[in-house]
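Engineer:
Chains as they are written, first to last, in the numbering used here: chain A, 1062 to 1380; chain B, 1062 to 1380; chain C, 1062 to 1380; chain D, 1062 to 1380; chain E, 1062 to 1380.
#1: Does chain B have any CB closer than 9 Å to the CB of residue 1348 of chain D?
#2: Return yes when the Cβ of residue 1165 of chain E is within less than 9 Å of the Cβ of residue 1205 of chain E, no when it is not.
#3: I'd like the span of the beta strand (DSSP E) that includes residue 1087 of chain A, first residue to last.
#4: List the whole-angstrom C-beta distance separating residue 1171 of chain D from residue 1153 of chain D, where the pair is believed to meet the contact cut-off of C-beta under 8 Å.
#5: Run through DSSP, which three-state label would residue 1353 of chain D get?
#6: Nearest by alpha-carbon distance to residue 1298 of chain D: which of E/1279, E/1336, E/1243 and E/1350 is it?
#7: Using a cut-off of 9 Å between C-beta atoms, extract the partners of residue 1085 of chain C located in chain A.
#8: Nearest chain A C-beta to residue 1232 of chain B closer than 9 Å, yes or no?
#9: Strictly under 9 Å for the Cβ-Cβ distance: is residue 1342 of chain D near chain B by that measure?
#10: With a threshold of 9 Å between beta carbons, is residue 1072 of chain C in contact with chain A?
#11: Compute the Euclidean distance between the alpha carbons of residue 1119 of chain D and residue 1125 of chain D, then round it to the nearest angstrom.
#12: Is there a C-beta anywhere in chain D that falls below 9 Å from the one on residue 1158 of chain B?
#13: Look up residue 1138 of chain B in the DSSP assignment and give the residues it is bridged to.
#14: Pull out every residue of the region 1317-1338 of chain B whose Cβ sits closer than 7 Å to any Cβ of chain D, in chain order.
#15: So residue 1093 of chain E and residue 1163 of chain E are supposed to be a Cβ contact under 8 Å. How far apart are they, rounded?
#16: How about residue 1367 of chain E: is its Cβ closer than 8 Å to a heavy atom in the ligand FAD?
#17: Any beta carbon from chain B within less than 9 Å of residue 1179 of chain D's own beta carbon?
#18: Start and end of the beta strand (DSSP E) containing residue 1163 of chain E?
#19: May I ask which residues mark the beginning and end of the alpha helix (DSSP H) holding residue 1252 of chain E?
#20: Under 8 Å between beta-carbons, which chain E residues line up against residue 1298 of chain D? List them in chain order, please.
#21: Would you tell me roughly how many angstroms separate the C-alpha atoms of residue 1137 of chain B and residue 1139 of chain C, rounded to the nearest one?
#22: Using the beta-carbon count (16 or more within 10 Å), is residue 1360 of chain E buried or exposed?
#23: Which residues of chain A have a Cβ atom closer than 7 Å to the Cβ of residue 1240 of chain B, listed in chain order?
#24: Report the residues of the region 1280-1291 of chain B with a CB closer than 9 Å to any CB of chain D, ordered along the chain.
#25: Mind listing the chain A neighbours of residue 1312 of chain C? Cutoff is C-beta to C-beta under 8 Å, in chain order.
#26: With residue 1104 of chain E as the anchor, note down where its alpha helix (DSSP H) starts and where it stops.
#27: Going by beta carbon distance, what residues of the same chain come within less than 6 Å of residue 1255 of chain A, once the five residues before and after it are set aside?
#28: Mapping the DSSP letters down to three states, classify residue 1208 of chain B as helix, strand or coil.
#29: Pick helix, strand or coil for residue 1144 of chain E, following the three-state DSSP scheme.
#30: Is the separation between the beta-carbon of residue 1291 of chain A and that of residue 1203 of chain A shorter than 9 Å?
#31: Listing by chain order, which chain E residues have their CB less than 8 Å from the CB of residue 1197 of chain D?
#32: Check the Cβ-Cβ distances between residue 1250 of chain D and every residue of chain B, and say whether any is below 9 Å.
#33: Looking only at its chain, what residues have a beta carbon closer than 8 Å to the beta carbon of residue 1223 of chain A, apart from the 5 residues adjacent to it on each side?
#34: Comparing C-alpha positions only, which one of B/1099, B/1209, B/1104 and B/1130 sits nearest to residue 1142 of chain B?
#35: Do the region 1328-1335 of chain E and the region 1310-1329 of chain C touch if we need at least three Cβ pairs shorter than 8 Å?
#36: If we cut at 9 Å on Cβ distances, does residue 1355 of chain D have a partner in chain B?
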């Protein structure tokens, strides 16, 4: 589907500009949105707009890093939308010229629709939309980046919960959750860091076309992305700490379990041996026939176990 | 609450300048402090001061990184105050122009009050306050950063104590404490590093407005933040070392516990088996009927255990 | 084998230009491909082309990093082809002048053949090949880098499978697989990172010869290599996470195994001792002769084990 | 204590210049050393020398990073002396102008004394001291940095010894030593890295006052600090390797201990059970009454243990 | 020993130029080699060549980082030779002027001899030696760096062997070997990285004296050092992976050993208790006197062990 929108020099918005009227000088600029375009529609990028073949190729093949290329009469940007559930990315391609903005994306995106509606509705208010296509491109990218935040916040919430839970759950589940959090953070970083690098280049670029202060707006997006990458890095370290802390606690608990086992074994094995010895059936075992042999042996057993307990205590095993 | 303070060209301080007198040319500059402002008061940023909408938006939404934006006639800074107990941050927004300073914060902050009082009291002494709003902004930020130090010192003290304690406490508590220290350091770093980056940009910026050498003052703050980040990084490494050291000690102690268990088991199991064998009730067990069978078996048991102890000793298990 | 190809000023392609006609002014430029050259053929680099001795030396000795050297009248580039199975690299050397392209490689490479065929077939279409040797060099390098992707994708696929499998396999195999993945990633990185650095220098170099916009093409390759290194770094971290996660899960499972062992031992050892005591053959053991001694002892054993189970439960061992 | 020293234009050295003669034009420059100054003496920095209040504040408060500030007519440097035993630092403040050098330190430092004596004694020899205060400042800093080396060498020696010892000592002591080495390296790095950064800025600064080639001298100090940081980083990695190596060896030894325990338990438990069964007192146990039952049971026990040993051997447990 | 070699303006090589003829204008330039110089010979650096005292000091004291200093009329370079067996370094100092090259080293080095002989033999061939002392300095450094390669290759070979061996050796030896490889890599890095940094500065320096294209030659050395550092870093990561992989495998094997132990103990302990109970000597134990009590007990034992084995199997312990 292709939809168009034209801003006249009087700051009026006209929807559904016919495709052969895009150059009509009555429009200050025109926004053409390729939403889930068919193959035939995609061909228009070449036949109608005459964009550079490299840029068109970048649209059709989806494995792209966010990037910005400068062509003679336009900028070409690839940015990424993030899906909240799966953290999968959708590519949005922007062709930004003096008098046109072309957006191209293979999925219907709520962020592009939001930006589209804002341009449709608010055009008269602040005259920002009169500032040309770069302001609209800013709107699209701002909407995209705003939807990154809930993804990171969701992870931070889970992480906070994890920290505070304190062992009311099986460690196995916990470790799986930490691993899951970490791989989601990795996935997020893979999307957000290239976006941040792109915005840095946009802010510091000298090519940006547009009439008024677009730099301040893109700086705002860049600050948001910086904040996001800070959060992601901190969360990665937090989860690593959490995992290392569990490992060291585990190794410590293991020690205390092993101590219990060793103490029990060390105390009872000798006693069992003594009982076993006097259970032997030799004919000539003088102790067996004494009056108080049994009680002496019980006493020896008691003394032995007390002595061993004291010995363990002195070596600090019960701490 | 909004409070104001005007410095006249004669370096007099006048408190409570009426809001409609802020432009009065008798003042060299005016400081307006929005302290826990209501929604109506916040609206003044737009209606009275006519600040840029992006800057106002940054005030109202609190999720900000420390940052500095340049507008035509003013600088806009976002800095963070740190609460000593929770290590939570409070945002302070500063609008710094030639003839005005506006500070805006959602909580009542002791640091801003201190700066305010210093301007109120010392204005006649050194004439630094005659140097314009940037000197007052410096004061506010200096007070904020000075309160970062106790937070880091508290952690360093706990860390020193932890190092010197040497095992008089349960390892579980210890590991929890290390984890707690590390996550507090992470939290601190998340506040202090962006502040440091901001101060670096302030010091190297060419936009700074003001009459005399503000750079030297901000360099001083920057040096403090550099010192703080050095300390935080070193403490993070220290705690990691502490944890890794515990893990390796633990694994070593485990070894020695396991050796004890194995030695005990290895010595007593065969003896118990021997005792068990001669406790069997077979009719035809010739050894049972010999005169000294019992004593021979005891002797064999003794010899066996001595031999096993020697064998373990030769393999170095008792080291 | 040496093969040649000449592009005339009329954008015609002529195959098999004789070696003594390479300078013929009717050709806009000539591509000479040294494919698995013999020693005699390699000597032509010096005797026919008079290349710089350092560049020739770099061709003959294969231990090279991807690199680019500038000589008076040409660029010399070393790039690497990657074999999909072994991840071994083959060096391709390119001498790029105003009117010639010389490619030199010790193995027959499908990538060079592809580029060669594209030049042979498509020359009339887009006139890109009229843009001189740099465009053909771009083609060769683009083909090389395109074959890096399947290597990385193969690893990503294995990694995805590994993540989702969830323990239906022996951990030993799993760890070997992780280790294998990591060492392949290391090997890939060793090839791709220097290629990326080279492309960065190519894109930012001011020496590049050629008539039209070669920079945009090389930027495209650079973006691909950036994407690849991002993927490799993320996969390295992913595998490290996977391994650390297994280690922590393992240490946790160990704890639960040890608990089982300790509980069993702690419950049965005292009971076995009691049975052993009453199996002793002392003459004077009053309990043996009571009517209900046996049942009392069984009751004591039962009570003891119940009490111990409760004690373990209270200490949280069964969680 | 304050001591002074004046260099005349004839390159004579005069000790004990009266404080009111510091400006006497007969001196090319004057060195004033504040050694453990009293509060009254410290006040002279303001009343006599009229230094900038920020610089004076930096002297009085000791929590400083090494740094360099430029004031109108002087440089202000903070450098750190290192105490060999405790690795504690002492701050030395240097005020360096065209015609004066002021050094300020709260402790009596052998390094400053050495520099002082060198100026006193060698002034006539090489005329280096005629080059002004920067050459003397170089001397002081050079002496300070020279005393860093023994601290690092001491650690390297301990580390070498540790590596070569090879287990003639308890692992617990060893791990404590590694931890101690690491925390000392951390402490050293915290002093040396900021000093290195400072020297880098000094070498690359364009403000340095002085008449002849001071840059070459400071480059020399910078190279020493670079060497030191290289050594510290390498030692940190070395100790980490040492610790990781011990952990992996430990986990391996644990395995072999556990194997021993498991083999012993697995062999003797079934045998003990058999002995126990034939020790039961049932009336009707036919085996007990056979002629060779006892010997058959002994044979079965022997066969069982041989079989189990072979089974363990086949599974590679004795490797 | 001091040896000299002069290149005339006619590109003739004259050996053994007398020390008082070094300035003779008939030589284009002269190479003086201090090979294991005595104290008296070293003094010539000052008395004959009048080098800068800082440079001479750097020769006499051996603890140097590779470095390059610029003096008025010469460059001073410190480079390091690597001994293949011990990986110890020997310092080579080069003084490079317009008309002289002075090399100074405390050990007889095969690399310097090789360079010396190349200059002696090949001078007529390519006229490269007519290009002045910088070309000879290049030769010396190239020979030095070429001898770094065998050291790194030796480590790579050992590492390859280690990877492929797969457990035919004791893990203890293996870990020691990994540790040894890592510390040798560390040692190599400590030599090679500063050399690389030095070459980077040489290549990018604007001071280099010489007549023709020395930069291309040093770029070649720089590329080799870059390759070497890449290899060292990759090998460090490889060994770390190897060690971590062993640790995780070890922890996994430990689990399976512990499972064996626990299964054995859990099965046999209850059976042993039952046997013990019926081995007690109470008078009134009704079961003992039943006809089939013994067989019932054996049946119960069998049933119990089958049930426990099934229970372990259901919990997945035998996987």
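In this text, a Cβ means the ideal position worked out from N, Cα and C, and glycines have one as well.
Bear in mind that the values here come from a model prediction, so they are computed numbers and not experimental data.
Structural biologist: This is what the structure holds:
#1: Numbered from its first residue, the fourth chain carries residue 1348 of chain D at position 287. Answer yes: the Cβ-Cβ gap between residue 1348 of chain D and chain B drops below 9 Å somewhere.
#2: Mapped onto the fifth chain, residue 1205 of chain E falls at position 144. Mapped onto the fifth chain, residue 1165 of chain E falls at position 104. Contact: no.
#3: The residue given as residue 1087 of chain A occupies position 26 in the first chain. Run containing residue 1087 of chain A: none; DSSP gives neither H nor E here.
#4: Taking the first residue of the fourth chain as position 1, residue 1171 of chain D is located at position 110. Taking the first residue of the fourth chain as position 1, residue 1153 of chain D is located at position 92. About 12 Å; that fails the 8 Å criterion.
#5: Here residue 1353 of chain D refers to the residue found at position 292 when the fourth chain is read from its first residue. The answer is coil: DSSP assigns residue 1353 of chain D none of H, G, I, E or B.
#6: Here residue 1298 of chain D is taken as the residue at index 237 of the fourth chain, counted from 1. If we check each option's Cα against that of residue 1298 of chain D, E/1243 comes out closest.
#7: Within the third chain, the letter at position 24 stands for residue 1085 of chain C. Simply none; closest approach about 32 Å.
#8: On the second chain, position 171 is the one that residue 1232 of chain B refers to. It does: the Cβ of residue 1232 of chain B has a partner Cβ on chain A nearer than 9 Å.
#9: Reading the fourth chain from its first residue, position 281 is the one you call residue 1342 of chain D. Yes, residue 1342 of chain D lies at the interface with chain B (some Cβ there is under 9 Å from its Cβ).
#10: Looking up residue 1072 of chain C in the third chain gives position 11. For residue 1072 of chain C, the answer is no, since every Cβ of chain A falls outside 9 Å of its Cβ.
#11: Here residue 1119 of chain D refers to the residue found at position 58 of the fourth chain. Here residue 1125 of chain D refers to the residue found at position 64 of the fourth chain. Their backbone Cα atoms lie some 7 Å apart in a straight line.
#12: Here residue 1158 of chain B refers to the residue found at position 97 of the second chain. It does not; no Cβ of chain D falls within 9 Å.
#13: Mapped onto the second chain, residue 1138 of chain B falls at position 77. DSSP lists B/1129 and B/1155 as partners of residue 1138 of chain B.
#14: 1319, 1320, 1322, 1323, 1326, 1327, 1330, 1331, 1333, 1334, 1337 and 1338
#15: Against the fifth chain, residue 1093 of chain E aligns to sequence position 32. Against the fifth chain, residue 1163 of chain E aligns to sequence position 102. At roughly 5 Å, the Cβ-Cβ gap stays under 8 Å, so residue 1093 of chain E and residue 1163 of chain E are in contact.
#16: Of ligands this structure carries none, so the ligand FAD is not represented either.
#17: Along the fourth chain, one-based indexing puts residue 1179 of chain D at 118. Chain B contact via Cβ: absent.
#18: The residue you call residue 1163 of chain E lines up with position 102 of the fifth chain. It spans 1161-1166 - the beta strand (DSSP E) in which residue 1163 of chain E sits, taken as one unbroken run.
#19: Within the fifth chain, residue 1252 of chain E is the residue found at index 191, counting from 1. That run of the alpha helix (DSSP H) goes 1232-1265.
#20: Within the fourth chain, the letter at position 237 stands for residue 1298 of chain D. Under the 8 Å cutoff, chain E gives 1247.
#21: Position 76 of the second chain, counted from the start, is the residue given in the question as residue 1137 of chain B. Position 78 of the third chain, counted from the start, is the residue given in the question as residue 1139 of chain C. Residue 1137 of chain B and residue 1139 of chain C: Cα-Cα distance of roughly 50 Å.
#22: Mapped onto the fifth chain, residue 1360 of chain E falls at position 299. Label assigned to residue 1360 of chain E: exposed.
#23: Mapped onto the second chain, residue 1240 of chain B falls at position 179. Simply 1302 and 1306.
#24: 1280, 1281, 1284, 1285, 1287, 1288 and 1291
#25: Here residue 1312 of chain C corresponds to residue number 251 of the third chain, with the count starting at 1. What residue 1312 of chain C touches in chain A: 1308, 1311, 1312 and 1315.
#26: As a first step, residue 1104 of chain E is located in the fifth chain; it is residue number 43 there, counting from the start. That run of the alpha helix (DSSP H) goes 1100-1108.
#27: Looking up residue 1255 of chain A in the first chain gives position 194. Excluding sequence neighbours, residue 1255 of chain A sits near 1126 and 1127.
#28: Against the second chain, residue 1208 of chain B aligns to sequence position 147. In the structure shown, residue 1208 of chain B sits in coil (DSSP, three-state: anything other than H, G, I, E or B).
#29: Along the fifth chain, read from residue 1 onward, the residue named residue 1144 of chain E stands at position 83. In the structure shown, residue 1144 of chain E sits in coil (DSSP, three-state: anything other than H, G, I, E or B).
#30: In the first chain, residue 1291 of chain A corresponds to position 230, counting from 1. In the first chain, residue 1203 of chain A corresponds to position 142, counting from 1. No; because the gap between Cβ atoms is not below 9 Å, this pair is not in contact.
#31: Your numbering for residue 1197 of chain D matches position 136 in the fourth chain. Under the 8 Å cutoff, chain E gives no residues; its nearest Cβ is about 17 Å from residue 1197 of chain D.
#32: Locating residue 1250 of chain D in the fourth chain gives position 189, where the first residue counts as 1. For residue 1250 of chain D, the answer is yes, since a Cβ of chain B falls inside 9 Å of its Cβ.
#33: As a first step, residue 1223 of chain A is located in the first chain; it is residue number 162 there, counting from the start. These residues qualify, in order along the chain: 1235, 1238, 1239, 1242 and 1303.
#34: The count along the second chain starts at 1 and reaches residue 1142 of chain B at position 81. Closest option to residue 1142 of chain B, Cα to Cα, is B/1209.
#35: yes
#36: Position 294 of the fourth chain holds residue 1355 of chain D. Yes - at least one Cβ of chain B is within 9 Å of the one on residue 1355 of chain D.
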